[in-house]
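> Residue numbers (our numbering): 176 to 376.
1. Among the candidates 179, 189, 180, whose CA atom is the shortest distance from the CA of residue 310?
2. Mark residue 181 as exposed unless 16 or more other C-beta atoms lie within 10 angstroms of its C-beta, in which case mark it buried.
3. When you compare each of 329, 183, 258, 230 to residue 212 by their alpha carbons, which one comes out closest?
4. Report buried or exposed for residue 317, applying the criterion of at least 16 other Cβ atoms within 10 angstroms of its Cβ.
5. Identify whether residue 365 lies in helix, strand or coil by the three-state DSSP scheme.
6. For residue 302, is the classification buried or exposed, using 16 other Cβ atoms within 10 angstroms of its Cβ as the cut-off for buried?
7. How about residue 210 and residue 313: do their beta carbons lie closer than 8 Å?
8. Could you check what DSSP says for residue 341 in three-state terms: helix, strand or coil?
9. How is the alpha helix (DSSP H) around residue 261 delimited, first residue to last?
10. Can you give, in chain order, each stretch of the alpha helix (DSSP H) that sits fully within the region 185–216 and has at least 4 residues?
11. For residue 279, name the three-state secondary structure that DSSP assigns.
12. In angstroms, rounded to a whole number, what distance separates the CA positions of residue 332 and residue 199?
13. Identify every residue that forms a DSSP beta bridge with residue 180.
14. Beta-carbon separation of residue 265 and residue 206 under 8 Å?
15. Give the DSSP bridge partners of residue 304, in chain order.
16. Measuring CB to CB, does residue 308 end up less than 8 Å from residue 345?
17. If you draw a straight line from the C-alpha of residue 260 to the C-alpha of residue 286, how long is it?
18. Can the beta-carbon of residue 262 be found less than 8 Å from the beta-carbon of residue 343?
19. Exposed or buried, residue 218, counting other C-beta atoms within 10 Å across all chains shown (16 or more means buried)?
20. Closest by CA to residue 364, which one among 230, 282, 214, 216?
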């Protein structure tokens, strides 16, 4: 793997600037497709249990890969851990790719909002545009890449749902990633959260 881990690339300003939005979206799609294959096409299904930017390696073409030794280790745990754990971790990684940093603070706000009544959304999500939390190092996304960024964040919020049974499957996520959504400039984080529950296809 010539590029190294996704975490290291996002931590390096020069490399992160070169990691444009089309490449970032391809990374997200690649991880989604890999997890979908592991969860739904392997027999027995494989649960990774350790999805993170440290374990996503990029080759010279910025294609995402998972270390084979980790996958083999997870075979022993296939029937013991629910695959919704991987779905949650995918949501975290997706936000990290979009934000360029670990999304801990944003996830805390997200969890607070989902545990509150629907009429009392915290201002952190209601007033901030998606543009406010995106990584500012690459050039801003336009057209289809802008739609893709909005879609990725919408799916990430769904994957982070506080109730595991309400999270989509990775198969659903992989399928939905090909669809388009409204222009980035008019979308608030709260609007994405409102539409981000469950496994819609």
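The beta-carbon is built from N, C-alpha and C at its ideal position, and this holds for glycine as well.
This is what the structure gives:
1. 189
2. buried
3. 258
4. exposed
5. helix
6. exposed
7. no
8. helix
9. 259–274
10. 188–193, 196–215
11. helix
12. 17 Å
13. 232
14. yes
15. 363
16. no
17. 16 Å
18. yes
19. exposed
20. 282
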